[in-house]
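Participant: Take a look at this one; I'll ask things after.
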Ligand code: B12
Ligand code: SF4
Ligand code: SF4
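In my numbering, the protein residues as written are 6 to 361.
This is the structure:
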């Protein structure tokens, strides 16, 4: 079997599989592995200790999968969201675009498993292993090597015609091709610095370097703690994740024809403000059990009920939503959230600040 045969097979199935784009590469040491090591040394991973544990396999996949020789890498667009039908029990709280539907850790993983099963049945005798996100793979580097995009100054993988609002998934295979590697996409960032300029928390500490400890996405999704006081007001109205360094990017603006929102804080109509209030009241008053059940199928389950309540308190404080004062007061004695609830209350008691 040749590489061309397998790529034509994937191409023939594209209408059904509907990937944004895809490519392949031989498995070699990631080009940016030393950047990854330096990033870990600086502690920029915060509490995500699994990223350190994954380093040896990220450097050399054969340490875990001895037969892995090559990877087929796939990009899956998440805007507009392909699994939006799943019910997110919120109407207005600001959530990042990738999370506005069913949890991709389920449906995208299953899709990659289906594709692998088919490749296994067509190309018998070879192994195909589907992986995504939480697996020990430096996915952006791998996708760069497979020709899916360049690494932007916001650290995201960007394609000149598809933008960056896509997930990455890969199928490791035992196929050992002699072909030279895929054509790579050059860096089109040029002199632009819009992503660095817009980041509200200064998490992009240099072009292509993100300090996760300052990133709203980390603080509202991955962190199991509470953001320091000095950074809380910079989180603005983000309830889960953040998209600003991507929505401001001219390559996304071009791809999505200027539909993307770049406001630091959303300007809401009175009706929308009311909906936001209802969303956050529900988050603060629901039991942990209820939140776990209601969010189970969504990416927001990653924060857990503690994280969702924490995020609601920050947004209520930043938007000075005084109508929720009673619900905030009810948490003042809470073992883990009490200090934050005091901070939120102090925001509500300050003279009203107009947000932009
Ligand atoms: C930990 C993690 C996070 C952390 C840290 C992110 C970061 N930038 O470091 C947090 C929680 C902040 C986060 C946020 C988001 N994440 Co995230 N995250 C990951 C995860 C699990 C590991 C990434 C990692 O190792 N980071 C450490 C840094 C050092 O590595 P890196 O981000 O891969 O960056 C590399 C390049 O920048 C590279 N580099 C720098 N210069 C150059 C030059 C060249 C030539 C090359 C080749 C490489 C290179 O060096 C780095 C090390 O290799 C990956 C999945 C995976 N297995 O890879 C998803 C992943 C990166 N995340 C993803 C997404 C969608 C997001 C969010 C958009 C979600 C959101 N809206 O809230 C944001 C985007 C924020 C941003 N600007 O990155 C996608 C990215 C898809 C894409 N098009 O790029 C991934 C690939 C998940 C997936 N399977 O689709 N994420
Ligand atoms: S996701 Fe938001 S907070 Fe994180 S680097 Fe991008 S703009 Fe900054
Ligand atoms: S906003 Fe500008 S600098 Fe940042 S990733 Fe996009 S093109 Fe590159």
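Backbone N, C-alpha and C fix where the C-beta goes; we use that ideal spot for every residue, glycine too.
Rounded to a whole number of angstroms, what is the C-alpha to C-alpha distance between residue 220 and residue 198?
Facilitator: Approximately 17 angstroms between the Cα atoms of the pair.
Participant: Taking all protein chains shown into account, decide if residue 7 is buried (16 or more other Cβ within 10 angstroms of its Cβ) or exposed.
Facilitator: With fewer than 16 other Cβ atoms within 10 Å, it is exposed.
Participant: Using 9 angstroms as the threshold, is the C-beta distance between residue 322 and residue 229 below it?
Facilitator: Not in contact: residue 322 and residue 229 (Cβ atoms no closer than 9 angstroms).
Participant: Is residue 210 a contact residue of ligand 1, with contact defined as CB to any heavy atom under 8 angstroms?
Facilitator: Flag unset: Cβ of residue 210 not near ligand 1.
Participant: Taking the beta carbon of residue 164 as the centre, do at least 16 other beta carbons fall within 10 Å, making it buried, or is it exposed?
Facilitator: It is buried - the Cβ of residue 164 has at least 16 other Cβ atoms within 10 Å.
Participant: Taking residue 270 as the reference, give the member of 212, 71, 325 with the closest Cα.
Facilitator: Checking every option, the nearest Cα to that of residue 270 belongs to 325.
Participant: To the nearest whole angstrom, what separates the beta carbons of residue 24 and residue 105, a pair I think is in contact under 8 angstroms?
Facilitator: Their Cβ separation, rounded to whole angstroms, is 20 angstroms, which puts residue 24 and residue 105 out of contact at 8 angstroms.
Participant: Taking all protein chains shown into account, decide if residue 120 is buried (16 or more other Cβ within 10 angstroms of its Cβ) or exposed.
Facilitator: Residue 120 comes out buried.
Participant: Please determine whether the Cβ atom of residue 251 lies at a distance below 8 angstroms from any heavy atom of ligand 2.
Facilitator: Correct: residue 251 has its Cβ closer than 8 angstroms to ligand 2.
Participant: Can you tell me whether residue 293 is buried or exposed, with buried defined as 16 or more other CB within 10 angstroms of its CB?
Facilitator: Under this definition residue 293 is an exposed residue.
Participant: Verify whether the separation of the beta carbon atoms of residue 272 and residue 265 is less than 9 angstroms.
Facilitator: For residue 272 and residue 265, no; Cβs fall outside 9 angstroms.
Participant: Please determine whether the Cβ atom of residue 33 lies at a distance below 8 angstroms from any heavy atom of ligand 1.
Facilitator: Because no heavy atom of ligand 1 lies under 8 angstroms away, the Cβ of residue 33 does not count as near it: no.
Participant: Would you report the Cα separation of residue 20 and residue 26, rounded to the nearest angstrom?
Facilitator: One C-alpha to the other measures close to 12 angstroms.
Participant: Please identify the residue among 107, 42, 32 whose C-alpha is closest to the C-alpha of residue 301.
Facilitator: It is 107 whose Cα lies nearest to the Cα of residue 301.
Participant: Ligand 3 and residue 173: does the residue's C-beta get closer than 8 angstroms to at least one heavy atom of that ligand?
Facilitator: No; taking the cut-off as 8 angstroms, the Cβ of residue 173 has no heavy atom of ligand 3 nearer than that.
Participant: Any beta-carbon of chain B closer than 9 angstroms to the one on residue 228?
Facilitator: No chain B is present in this structure, which holds just one protein chain.
Participant: Please state whether DSSP places residue 78 in a helix, a strand or coil.
Facilitator: In this structure, residue 78 counts as strand in the three-state DSSP scheme.
Participant: Using the Cβ count rule (16 or more neighbours within 10 Å means buried), how would you classify residue 333?
Facilitator: Looking at its Cβ environment, which holds 16 or more other Cβ atoms inside 10 Å, residue 333 is buried.
Participant: Helix, strand or coil for residue 155 per DSSP?
Facilitator: The answer is strand: DSSP assigns residue 155 an E or B state.
Participant: Please list, following the chain, all residues that have a C-beta closer than 5 angstroms to any non-hydrogen atom of ligand 3.
Facilitator: Chain-ordered list of matching residues: 157, 158, 159, 194, 197, 199, 200, 254.
Participant: Within 10 Å of its beta-carbon, does residue 354 have 16 or more other beta-carbons around it, so buried, or fewer, so exposed?
Facilitator: Answer is exposed; the Cβ neighbour count stays below 16.
Participant: Which residues bound the beta strand (DSSP E) around residue 178?
Facilitator: Residue 178 -> beta strand (DSSP E) spans 171-178.
Participant: Check each candidate in 282, 218, 314 and name the one with the smallest Cα separation from residue 245.
Facilitator: Residue 245 has its Cα closest to that of 314, out of 282, 218, 314.
Participant: Within the present structure, is the beta-carbon of residue 235 separated from the nearest heavy atom of ligand 2 by less than 8 angstroms?
Facilitator: Not under cutoff, so the answer is no.
Participant: Quick check: the Cα distance between residue 125 and residue 48, rounded to an integer number of angstroms?
Facilitator: Spanning the two alpha carbons is a distance of roughly 40 angstroms.
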